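Per my numbering, numbering of the sequence shown is gapless, rising by one per residue and ending at 321. Backbone N, C-alpha and C define an ideal beta-carbon position, used for all residues, glycine too. No experiment lies behind these values; they were computed from the predicted model shown. Notes follow once the structure below has been shown.
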Amino acid sequence: MNRGFDKPQFIKDPSARTIVAGELEAVFLPDHGMLCASLRHRNEQVLRRIEDLEAAATKGSTAGIPLLHPWANRLAGSHYSAAGREVNLDTSSPFLHLDEHGLPMHGVPWPLLGWEVTEARQDGLSARLEWTSSDLLAIFPFRHRLEIAATLRSDGLLLETNLVASPDGPVPVSFGFHPYFGLPDLPRAEWRLELPAMRRLVLDARGIPTGEEEAFEGFDAQLGESTFDDCFALFGGSPSFSLAGAGRRITVEFLAGYRYAQVFAPKGKDYVALEPMTAPTSALTTGIGLHLVEPGGEFRSAFRIRVDALHKAPNQRM
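Quick look at the structure:
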């Protein structure tokens with residue numbers, strides 16, 4: 004049984020910023036992808052894969068709550084065409100991470116993206132990233148600026164992301180976030196997962212959408228031996244996904260800009276990833292669900308991670 008981790012290693016990062024509100028504390032690493040490397044509720048860690056960030060950075064692995072940009076999940080190959088540009092990716096580039104099939108995955112690795120802090124408060128942090136360097140433009144040749152505002156309240160963490168296109172040309176939008184959650188003091192099999200009704204995208208053996216969809220009526224049960232590695236199209240509104248147990252509920256609320264989601268709950272792992280996505284997997288190669296920001300325009304998105312104490316104490320099973 005996992006009782007939660009101590010504070011993770013912060014890659015010896017003096018830029019690490021801690022924000023606090025009520026019984027919640029979050030830590031961000033602006034110099035390393037604006038990664039949310041810790042989210043503690045009542046002094047217990049609810050994020051996963053953060054116990055050794057040095058190793059994760061070396062392997063190119065995701066951890067905590069990483070931003071996946073300029074694409075979430077994976078691409079179907081090393082070539083894509085978007086917004087009138089043809090892009091051939093150099094798969095040997097250190098600015099790419101490849102999956103087991105050799106497909107570009109999760110955009111530019113989080114440790115390689117240095118963000119500039121623009122505002123810091125006790126309960127919030129804002130930062131920006133200028134996508135203008137030659138290394139970044141070789142991966143995604145669309146000049147833009149990203150802005151993230153993290154605001155902690157007593158009931159949760161709000162993450163607002165703004166993409167501002169340069170006047171030079173349009174920018175395709177396919178970023179997402181990959182939060183890894185876990186519940187202390189409770190075996191994975193006893194975690195209760197709640198998912199709304201959605202459309203499930205049919206995937207091929209590589210995890211790439213085939214273009215077909217099927218009905219998904221929702222899920223509301225203990226995980227048991229269930230596994231997920233699925234991409235979903237949301238019906239609209241402000242849907243929420245939640246994970247509950249041991250007197251605590253973690254809820255991801257899709258507030259704006261996220262029309263797709265990935266749910267990742269692999270066998271034998273003590274985490275569930277509930278992932279907001281602005282576009283489906285491989286949207287840069289298919290064009291399906293891909294939004295273009297006009298030159299000089301903006302794309303705004305937001306999701307909130309609520310953490311609530313239920314009627315039982317966190318060290319009691321529900």
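Which residues in the same chain as residue i place their Cβ atom closer than 8 Å to its Cβ, once the five residues preceding and following it in sequence are excluded?
{"i": "LEU293", "result": "ALA85, PRO175, VAL176, SER177, ALA282, ALA286 and LEU287"}
{"i": "LEU313", "result": "ALA247, GLY250, ARG251, ARG252 and MET321"}
{"i": "ALA224", "result": "ARG195 and LEU196"}
{"i": "PRO322", "result": "Shown here, the chain extends from 4 to 321; a query on residue 322 therefore has no answer."}
{"i": "GLU215", "result": "LEU204 and VAL205"}
{"i": "ASP16", "result": "LEU32, ASP34 and HIS35"}
Under 8 Å from any heavy atom of the ligand NAP, does the C-beta of residue i make it?
{"i": "ARG191", "result": "Of ligands this structure carries none, so the ligand NAP is not represented either."}
Using C-beta distances below 7 Å, list every residue in its chain close to residue i, excluding the 5 sequence neighbours before and after it, in chain order.
{"i": "GLN125", "result": "ILE22 and VAL23"}
{"i": "VAL296", "result": "LEU166, ALA168, PRO173, VAL174, VAL176 and PHE302"}
{"i": "HIS147", "result": "TRP134, LEU166, VAL167, ALA168, SER169 and VAL174"}
{"i": "HIS104", "result": "ARG209"}
{"i": "LEU198", "result": "GLY221, PHE222, PHE244 and VAL266"}
{"i": "GLY25", "result": "SER157"}
According to DSSP, is residue i helix, strand or coil?
{"i": "SER136", "result": "coil"}
{"i": "THR288", "result": "helix"}
{"i": "THR213", "result": "strand"}
{"i": "ILE308", "result": "strand"}
{"i": "ALA66", "result": "coil"}
{"i": "PRO279", "result": "strand"}
{"i": "ARG45", "result": "coil"}
{"i": "THR154", "result": "strand"}
{"i": "LEU115", "result": "helix"}
{"i": "THR254", "result": "strand"}
{"i": "ILE142", "result": "helix"}
{"i": "ARG191", "result": "helix"}
{"i": "ALA264", "result": "strand"}
{"i": "THR61", "result": "helix"}
{"i": "LEU56", "result": "helix"}
{"i": "ALA75", "result": "coil"}
{"i": "GLN225", "result": "strand"}
{"i": "THR94", "result": "coil"}
{"i": "THR21", "result": "strand"}
{"i": "MET37", "result": "coil"}
{"i": "THR230", "result": "coil"}
Give the straight-line distance between the Cα atoms of residue i and residue j, rounded to the nearest whole angstrom.
{"i": "ALA75", "j": "ARG262", "result": "13 Å"}
{"i": "SER229", "j": "GLY87", "result": "42 Å"}
{"i": "GLU57", "j": "GLY63", "result": "10 Å"}
{"i": "GLY67", "j": "ILE291", "result": "28 Å"}
{"i": "GLY240", "j": "ALA153", "result": "22 Å"}
{"i": "MET201", "j": "ALA259", "result": "17 Å"}
{"i": "ASP138", "j": "ARG131", "result": "18 Å"}
{"i": "ARG309", "j": "GLU220", "result": "23 Å"}
{"i": "SER243", "j": "ALA264", "result": "11 Å"}
{"i": "PHE222", "j": "THR254", "result": "14 Å"}
{"i": "GLU256", "j": "ARG43", "result": "18 Å"}
{"i": "ALA268", "j": "LEU226", "result": "9 Å"}
{"i": "TYR274", "j": "ILE53", "result": "11 Å"}
{"i": "PRO114", "j": "THR61", "result": "9 Å"}
{"i": "LEU116", "j": "ALA59", "result": "15 Å"}
{"i": "ASP55", "j": "LYS270", "result": "21 Å"}
{"i": "GLY45", "j": "ASP311", "result": "Contrary to the premise, residue 45 reads as Arg rather than Gly in this sequence. ARG45 and ASP311: Cα-Cα distance of roughly 10 Å."}
{"i": "SER18", "j": "ALA236", "result": "36 Å"}
Can you tell me whether residue i is buried or exposed? The criterion is at least 16 other CB atoms within 10 Å of its CB, across all chains shown.
{"i": "SER245", "result": "buried"}
{"i": "PRO97", "result": "exposed"}
{"i": "VAL49", "result": "buried"}
{"i": "PHE238", "result": "exposed"}
{"i": "SER136", "result": "exposed"}
{"i": "THR65", "result": "buried"}
{"i": "SER95", "result": "exposed"}
{"i": "GLU47", "result": "buried"}
{"i": "LEU160", "result": "buried"}
{"i": "SER157", "result": "exposed"}
{"i": "LEU140", "result": "exposed"}
{"i": "PRO182", "result": "buried"}
{"i": "GLY179", "result": "buried"}
{"i": "ALA192", "result": "exposed"}
{"i": "PRO298", "result": "exposed"}
{"i": "GLY36", "result": "buried"}
{"i": "ALA218", "result": "exposed"}
Between residue i and residue j, how many whole angstroms is the CB-CB distance? I'm expecting something under 8 Å.
{"i": "THR121", "j": "SER304", "result": "With a Cβ gap of about 18 Å, THR121 and SER304 do not count as contacting."}
{"i": "PHE231", "j": "VAL266", "result": "4 Å"}
{"i": "PRO33", "j": "ARG20", "result": "7 Å"}
{"i": "PHE184", "j": "LEU277", "result": "7 Å"}
{"i": "LEU78", "j": "LEU106", "result": "6 Å"}
{"i": "LEU92", "j": "SER81", "result": "4 Å"}
{"i": "GLY110", "j": "PRO73", "result": "5 Å"}
{"i": "ILE142", "j": "LEU189", "result": "The Cβ separation is near 40 Å, so there is no contact."}
Enumerate in chain order the residues of its own chain whose CB-to-CB distance from residue i is below 6 Å, with the five nearest sequence positions on each side excluded.
{"i": "TYR83", "result": "VAL90, LEU287 and THR288"}
{"i": "LEU128", "result": "ARG20, ILE22, PHE31 and ALA153"}
{"i": "ASP171", "result": "ARG146"}
{"i": "GLU28", "result": "ARG43"}
{"i": "ILE151", "result": "MET37, ALA130 and THR164"}
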